[in-house]
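In our numbering, the protein residues as written are 136 to 172. Just below is one structure, and these are the notes that go with it.
See the structure below:
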């Protein structure tokens, strides 16, 4: 990831709870076809 992408993600996730963060990370993983079993 480039730095701009990381900055945007930091902005988005700054106010999220841990539960929301977990769901957010899962949705990103799913989009990239990455599944953690």
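Just so you know, even glycine gets a beta-carbon here, dropped at the ideal spot from N, CA and C. As the structure is a prediction and not an experimental result, all values here were calculated from the model.
Spatial neighbours of residue i in its chain, beta-carbon cut-off 7 Å, leaving aside the 5 residues before and after
{"i": "residue 148", "result": "156 and 159"}
Per-residue DSSP class, three states only, for residue i
{"i": "residue 165", "result": "helix"}
{"i": "residue 152", "result": "coil"}
Proximal residues to residue i (C-beta, below 6 Å), its chain only, five neighbours per side dropped
{"i": "residue 164", "result": "none"}
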